[in-house]
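Peer 1: Quick one: structure below, then a few questions.
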Amino acid sequence: MYRSFRESSGRLWLPAVVAALLCLLMLPTGLLAELSEGASPHLSTADHARMPALQGPFESGPEVTRACLSCHNRAARQVQESLHWTWAYDAPDSGRGYGKSRVFNAFCGSPQGNWSKCTICHAGYGWKDPGITQTSEEQVDCLVCHEQTGEYRKFDYGDPVLKHRGRIIRKPDFAKLAQSVGRPSRQNCGSCHFFGGAHDGAKHGDLDSSLLAPGRQLDVHMDSAGLDFSCVTCHTGEGHRITGSRYRMKAFDALGIDRPGHTDATRTSCESCHGTRPHPQTPKLDSHTRRIACQTCHIPRFARGRVPTKTYWDWRSAGKEPPKAQAEVSEGRAVAPKGNSGDDEAVSGRAPRVTQTFQHGSITWEEQVVPEYRWFDGRIDYILPGESVGDGTSVAINRLSGAASDRDSRIWPFKVMRAQLPFDPVNRTLVFNRLVAASPDDKDALYESYDWQRSVTAGMQLPGAPPFSGKVGFIEAAMFFPITHMVAPKEEALRCNDCHSRNGRMAGLTGFYMPGRDSFPLLVFLGWSLVVATLVGVLLHGAAQASFRKKSAAAAGSVTIHREFIFSLYERFWHWTQAILIFGLMITGFNVSGVHNLFGYEKATTGHYYFAWGLIWLWVFTLFWHMITGEWRQYIPTTRKLMDMVHYYMKGIFYPERYPHPFKKSRRLKHNPLQRFSYFSLHIVVMPVIWVSGTLYIYYGGFHAGGLESVPLGVIAGIHSTTAFLMLSFVVLHVYMAFFIGAPVTGKLKGMITGFVETAIAALDRTTQYRILMVDDDNDFIRLVQAWLGGSGHERDKSILPNELILVPRGSRKEAIRELRQDNYDLILLDLGLPDSEGLDTFLKIYDVRPDIPILVLTGLEESTIGPETVMNGAQDFLDKADIDAKKLLRSIRFALERDQFARSHLSSYRQ
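Going by my numbering, the first residue of the sequence shown is number 3, and it counts up by one from there.
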């Protein structure tokens, strides 16, 4: 069925397209035009200009509201229950009363004494008594949020009719305004929120007239040529309850993408649209969202639309004539640079600009302001009338809740408005003051008397004022405004180096570890002390070695340089690639951990990440290679000759003529017991700690289960840095021991380049000590051979072979193979008749394990025919036990050793 459907659908696509085009052509031309224009993203179902109730004429704003209520009969009551009307908010957790009518601010000080001007931005008409909020429904101002002409203005107490001494100066065309109503636009909201603080952009920093028609560079969401968001796109207003109050915010919206009926039906958080994992291609950025607000990275600066914002207001100089060089006055008001609302060109590096006027005092204006950062959990506590300001030196008008130790807190950006505000120095409380005359007869207001004593005294007589001592002083006040608008394009978001550096944006935040910014001074000191101590130790050891070896060389006579192929091509590739990657990891890692800042955090982190993955993949392939080749056995630790190696490095290395090297390197046994122990410890202890701590470090914040995030990042970083210093110390020691112990110095270095290791040995007939493994289960014969070779206190004739011979007996093939895998020998004496092996198979098994060691086969009468066969398969010679004596055995041993040395030297030349 599916196949027939697929085939039929493949034949029907063309008729379907033709039918769709015909349907489009049959649509009314007006609808086609409306769809093609797309001029209005919100198509209304009603044309208010045609409604009889809105034809007017209207004499006042309340008359317009009455007409609106004839249809929207619940709207006024909804507005009167909202924060826009009451200016009051009761914190659910503490019960403290906040809101514009109750709290202080860093601009006028308090709305209480300046009610006529503050209520210009009230969503109603004629609110003259702060204690009365529930008035007639007709007092609700529908036009301020819904008219679309852009010509609506409000004056004292929210009256749209401008009056002076009882005379009407300006009266709007209420009918025209009423007929234009629609969904609130940016201009509606901005008529109040853009102009808070007595000037365009003065208050919030991220809200000003440049957002009326912004470009993408200024705000990616409000971009008038792009997404073109209005304020209510995010600040939804179901039932006229506008979401997004700054009195109680969401530092992090754990609900994620908003789904109607399933979440909280608000879109004021970044997460409500972008989700809690907004960077699917970059998990590391997603892990940042667990401790950092989206705004922190995506709003690098505020006041970016060429409209400056106030950052400091010194009221102490109000009423004083400013110096002529600083005065900048326009009709008695401070002047700030005019902004271009449509210009989104990025401006950076503009110095703060100070204006000083007789009326307003000194004001600092800034553009392109870098936010200040604080830990924030969404709760803000405001100082209320009558509450103490502490020691009287400074006060936070609103205090942010949050800490690095709180998992619900995030790092947020803030504008901090600072001001010198009047206060009561005796009671240590902020005061109400009166700036603007409440009536023509009011002569105590600051703008009338320019006397702070009279202004504050008049303000403190208002209802709700705290006790007043009669004294007036000034205090440094700070007010925090969360930055949530002017979201920059993603390509202009903060880079890693902006924060992860010692003098970065987060330099002022404490209580947590930040990579690139913080380091551990004691750990760094101890780590470098270990590295320096290791370096000094190897230098002293090397100097002593060079001095003693120079003397020993003269005493020892001639030496031969023995070259043997030890390291395969892949081993050399693996070694040097690993060395490069480890050095890269250490250099970039110390940058990331704050020890130095050579590359910058971003480049160092990226480099460290790729070096780490490169080393991981190298180890994966190398582990596979070691397993299939059996080279993994090279790293199995053994205690055999471990102390001999320690003694050799501590003493014997300085006297090579008296203390020969206890270990002979070969391709099958590349590492001496001390090296095996060191490499095993490195791979089993140090490296796993590095990998585990490094993985936790890189992906910290990405683990949501198992309680891994309960371990502080600083602890993980400290462990990782400790192992890094241990690794660096090991590298110093390894380089010295691998390349600079023994002679010639360059021989071992060449070994890791060409594969051939050069070692200095004495002449065969002088001091070289040879180790012989005898594999035989006949103890009597073993004792006889020991006597012939001069062992167990026996003397032997050294005219044939003057060298010292050490015989190590083993009684079975299994024991012999285990021995050969743990130690090196110069010769093997092999009996073919063993308890666990017989005949030619005995030789082949031993030879397969160590084909690099010459083998002399010892045969009995029953194996006499097998002897020649062993020579054909690789044995040096065979001897009949029935026809053997000391001289024959010593000659065979000497010839086998000489042939092996000759073969090795010629094989090295051939391979080279």
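Quick reminder that beta carbons are idealized off the backbone N, C-alpha and C, glycines included.
#1: Would you say methionine 754 and arginine 565 are within 8 Å of each other, going by their C-beta atoms?
#2: The alpha helix (DSSP H) with valine 234 in it runs from where to where?
#3: DSSP three-state call for glutamate 478: helix, strand or coil?
#4: Please list, in chain order, all residues of the same chain as phenylalanine 897 whose beta carbon is under 8 Å from its beta carbon, the five residues on each side excluded.
#5: Between the alpha carbons of leucine 842 and isoleucine 895, how many angstroms are there, rounded?
#6: Within 10 angstroms of the Cβ of serine 193, are there 16 or more other Cβ atoms? Answer buried if so, exposed if not.
#7: Taking 7 Å as the limit between beta carbons, can you name the residues of its chain near glutamate 871, skipping five residues before and five after?
#8: Cα-Cα, which of Phe109, Phe567, Pro811 is closest to threonine 366?
#9: In the structure shown, what three-state DSSP assignment does serine 42 receive?
#10: Count the other CB atoms, across all protein chains shown, that sit within 10 Å of the CB of proline 664; report buried if there are 16 or more and exposed otherwise.
#11: Can you tell me whether aspartate 49 is buried or exposed? The criterion is at least 16 other CB atoms within 10 Å of its CB, across all chains shown.
#12: Taking the beta carbon of tryptophan 790 as the centre, do at least 16 other beta carbons fall within 10 Å, making it buried, or is it exposed?
#13: If you measure between the beta carbons of threonine 431 and valine 489, is that distance less than 8 Å?
#14: Where does threonine 947 sit, in a helix, a strand or coil, going by DSSP?
#15: Does the structure place the segment 829 to 836 close enough to the segment 769 to 781 that three or more beta carbon pairs sit under 8 Å?
#16: Cα separation between proline 174 and serine 182?
#17: Could you tell me which whole alpha helix (DSSP H) segments of length 4 or greater appear in the segment 439 to 493?
#18: Taking DSSP's pairing of strands, which residues face proline 811 in a bridge?
#19: Mind listing, in chain order, the continuous alpha helix (DSSP H) runs of no fewer than 4 residues lying wholly within the segment 48 to 97?
#20: Classify methionine 224 as helix, strand or coil using the three-state DSSP reduction.
#21: Using a Cβ-Cβ cutoff of less than 7 Å, which residues in the same chain neighbour valine 734 once the five nearest sequence positions on both sides are dropped?
#22: Can you name the start and end residues of the beta strand (DSSP E) that histidine 577 belongs to?
#23: Quick one: using the 10 Å Cβ neighbour count with 16 as the cut-off for buried, is threonine 486 buried or exposed?
#24: Between the alpha carbons of glutamate 760 and histidine 673, how many angstroms are there, rounded?
#25: Restricting to Cα atoms, I'd like to know which of Arg420, Ser289, Gly792, Ile848 is closest to arginine 892.
#26: Would proline 427 and glycine 394 qualify as a contact pair, given that the criterion is a beta-carbon distance under 8 Å?
#27: On the three-state DSSP scale, how would you describe threonine 291?
#28: Count the other CB atoms within 10 Å of the CB of glutamine 114; is the residue buried (16 or more) or exposed (fewer)?
#29: Spell out the partners DSSP gives serine 839 in its beta bridges.
#30: DSSP three-state label for leucine 209, please.
#31: In whole angstroms, give me the CA-to-CA distance for arginine 901 and methionine 739.
#32: Can you tell me the Cβ-Cβ gap for glutamine 370 and arginine 306, rounded? I've got them flagged as a contact below 8 Å.
#33: Check aspartate 879 in the structure and name its three-state DSSP category.
#34: Check lysine 672 in the structure and name its three-state DSSP category.
#35: By a C-beta neighbour count over all protein chains shown, 10 Å radius and 16 as the cutoff for buried, is methionine 652 buried or exposed?
#36: Tell me whether threonine 298 is buried or exposed, calling it buried when 16 or more other Cβ atoms sit within 10 Å of its Cβ.
Peer 2: With the structure as the only source:
#1: no
#2: 233 to 236
#3: strand
#4: Cβ neighbours of phenylalanine 897 beyond the five flanking positions: Gln878, Asp879.
#5: 21 Å
#6: buried
#7: Leu842
#8: Checking every option, the nearest Cα to that of threonine 366 belongs to Phe109.
#9: Any reading at serine 42 needs caution, since the residue's pLDDT is 46, under 50, leaving its predicted position unreliable; the model's value is listed next. The three-state secondary structure of serine 42, taken from DSSP, is coil.
#10: buried
#11: Of the residues assessed, aspartate 49 falls on the exposed side of the cut-off, its CB having fewer than 16 other CB atoms within 10 angstroms.
#12: By the neighbour-count definition (other C-beta atoms within 10 Å, threshold 16), tryptophan 790 is a buried residue.
#13: no
#14: Nothing in the structure corresponds to residue 947, since the chain is present only between 3 and 914.
#15: yes
#16: Cα-Cα distance, rounded: 13 Å.
#17: 448 to 451, 454 to 461
#18: Met776
#19: 63 to 71, 77 to 82, 85 to 88
#20: coil
#21: Around valine 734, the same chain offers Val533, Thr536, Leu537, Val540 as residues with beta carbons nearer than 7 Å, after the five sequence neighbours per side are excluded.
#22: Segment 571 to 594 is the alpha helix (DSSP H) holding histidine 577; no beta strand (DSSP E) there.
#23: buried
#24: 15 Å
#25: First, the amino acid is wrong: residue 892 is leucine here, not arginine. For leucine 892, the nearest C-alpha among the options comes from Gly792.
#26: Contact: yes.
#27: Of the three classes helix, strand and coil, the one that applies to threonine 291 here is coil, per DSSP.
#28: buried
#29: Leu836
#30: Here leucine 209 sits in coil by DSSP.
#31: 31 Å
#32: With 8 Å as the limit, glutamine 370 and arginine 306 qualify as a contact, their Cβ atoms being about 6 Å apart.
#33: strand
#34: If DSSP states are grouped into helix, strand and coil, lysine 672 belongs with coil.
#35: exposed
#36: buried
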